[in-house]
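Inspection log for the structure reproduced underneath, given as C-alpha cells.
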Amino acid sequence: MSMKLIRAIIRNESTQRVIEALEKNSIYAMTRMNVTGRGREMGITHGSIRYTEVPKEMLMIVLPDDAVTKAVSVIESAARTGTKNHPAAGNPGDGKIFVTDVEESHTIRTGEK
Amino acid sequence: MKEIIAIIRTDHVEATKGALESIGVKGITFSHVIGRGKQGGTIQAPDPEGTVRRDVGVYLMQQRGIIRDANDPKYHVPVHKEIELGFLPKKMLMIAVNDDEVPRIIDTLTQINRSGQQGDGKIFICPMTDAFRIRTGERGNKALT
Chain A
503 MSMKLIRAII RNESTQRVIE ALEKNSIYAM TRMNVTGRGR EMGITHGSIR
553 YTEVPKEMLM IVLPDDAVTK AVSVIESAAR TGTKNHPAAG NPGDGKIFVT
603 DVEESHTIRT GEK
Chain B
64 MKEIIAIIRT DHVEATKGAL ESIGVKGITF SHVIGRGKQG GTIQAPDPEG
114 TVRRDVGVYL MQQRGIIRDA NDPKYHVPVH KEIELGFLPK KMLMIAVNDD
164 EVPRIIDTLT QINRSGQQGD GKIFICPMTD AFRIRTGERG NKALT
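Chains A and B supply the protein sequences, listed in that same order.
The first sequence: position 112 = 614 (the numbering used here), numbered continuously.
The second sequence: position 133 = 196 (the numbering used here), numbered continuously.
Below you can see the structure in the form of C-alpha cells.
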C-alpha cells in the first residue's frame, strides 16, 4: 500500500483547532515541529518594522493514499482563518500543505513494514 | 537517492548516532519535534506501590471510541489519578543516502531503537529526485558521498 506524507505549515494559534478536527476524523498520529518561514508576502510589515521570518507550526502526517484528500480538506478548512464578515475568507499567512510520496514505513517497535 | 525520515526516542539518540557512524553514515540532520502515534497519545498511571511504570492509552482510546470498554479485564489497569501525555518529545533524523544503503540503515535503526514499547517511533522512506553540495556544486550521488 503506498502512502503520502502531508506537511502542513499552519499558524500556531490554529494548531489546536486543526488537531481536534483531525481527531474527529480518527487521525491521531502526527509529528509537530516549530518552524519559521515566509510566503509570497515576504513576511510581515508592521508599521516601519519588517519581519522576514514568521513563526509557524508544521504538522507531519503519513497516511495511505486514499485518506489523503479527506485529510487535506480537513486541515484546510480548520486552518483557514476568516474575517469578521466573511468567516471562510482566508488570510495571507494561513499556511501551506505539501503532499509528497512515502515508499516505505517501518514501525520500530515491531519491525513491520 | 532516498530520504530516510526516522522519528525516535530522545534517549536513544546517542546510541543511534554511534551505530550509524559505525556503518559509515556520516551526514545526518537532527531536529527536535513533538509527536504522537495512532493511539493518540498515552496516559501515564501513577502506581501506588511504585513498582511498575505503565503506559496505557486505553482510557483515551475509549473516550475516542477506538475501543468500546476500557474496563474489560483485558485492558484493566488500576488508575487513581491519570496523567494524560499527549504529544511527547522525540528526535527526528533526516538522512539522504544512495538506494543500496537503505536496507542496512533501516536494520540498524530498528535494532537500536526497539524497546518493544509503544512510542519507539517510525521510519519513513521517501524518494529524493536530486541533491546538491553547495560548496562545490556537485550534484546527484556525488553530492552524497
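The beta carbon of each residue, even a glycine, is placed where N, CA and C say it ideally should be.
- Take B/MET191 and list the residues in its own chain whose beta-carbon comes closer than 7 Å to its own, dropping the five residues that flank it on each side. Numbered from 1 along the second sequence, position 128 holds the residue referred to as residue 191 of chain B. MET64, LYS65, GLU66 and ALA159.
Three-state class that DSSP yields for B/THR192 in the structure shown:
Residue numbering aside, residue 192 of chain B sits at position 129 when the second sequence is read from its first letter. Of the three classes helix, strand and coil, the one that applies to B/THR192 here is coil, per DSSP.
Quick one: using the 10 Å Cβ neighbour count with 16 as the cut-off for buried, is B/LYS205 buried or exposed?
What you label residue 205 of chain B is simply residue 142 of the second sequence in a count that begins at 1. Counting other Cβ atoms within 10 Å of its Cβ, B/LYS205 stays below 16 and is therefore classed as exposed.
Notebook entry, point to check: CA-CA distance, A/ARG611 and A/GLU605?
Noted result: For this step, residue 611 of chain A is matched to residue 109 along the first sequence. For this step, residue 605 of chain A is matched to residue 103 along the first sequence. Note on geometry: alpha-carbon atoms of A/ARG611 and A/GLU605 lie some 19 Å from one another.
- prompt: The alpha helix (DSSP H) with B/GLY81 in it runs from where to where?
  reply: Within the second sequence, numbered from 1, the residue matching residue 81 of chain B stands at position 18. Unbroken alpha helix (DSSP H) run through B/GLY81: 76-85.
Exercise for the section: Starting from B/ARG167, trace the beta strand (DSSP E) both ways and give me its first and last residue. Expected result: The residue given as residue 167 of chain B occupies position 104 in the second sequence. For B/ARG167, no beta strand (DSSP E) run applies; the uninterrupted alpha helix (DSSP H) run containing it begins and ends at 165-176, by DSSP.
Rounded distance between the beta-carbons of A/LEU507 and B/PHE195, thought under 8 Å:
Taking the second sequence and counting its residues from 1, one reaches residue 195 of chain B at position 132. Taking the first sequence and counting its residues from 1, one reaches residue 507 of chain A at position 5. Taking C-beta atoms under 8 Å as the contact rule, B/PHE195 and A/LEU507 fail to qualify, at a distance of about 22 Å.
Bridge-paired residues (DSSP) for B/LEU209: Summary: the structure shown does not reach residue 209 of chain B, with chain B confined to residues 64 through 208, and so no result is reported for it.
Going by beta-carbon coordinates alone, are A/GLU559 and A/ARG534 separated by less than 8 Å?
To locate residue 559 of chain A, count along the first sequence from 1; it is residue 57. To locate residue 534 of chain A, count along the first sequence from 1; it is residue 32. Cβ atoms of A/GLU559 and A/ARG534: closer than 8 Å.
Run of the beta strand (DSSP E) containing A/VAL537, from where it starts to where it stops
Counting from one through the first sequence, the residue named residue 537 of chain A turns up at place 35. Annotation for A/VAL537: the continuous beta strand (DSSP E) segment containing it runs 532-539.
Buried or exposed for A/LYS615, please, with buried defined as at least 16 other CB atoms from any protein chain shown within 10 angstroms of its CB.
Locating residue 615 of chain A in the first sequence gives position 113, counting from the first residue. Answer is exposed; the Cβ neighbour count stays below 16.
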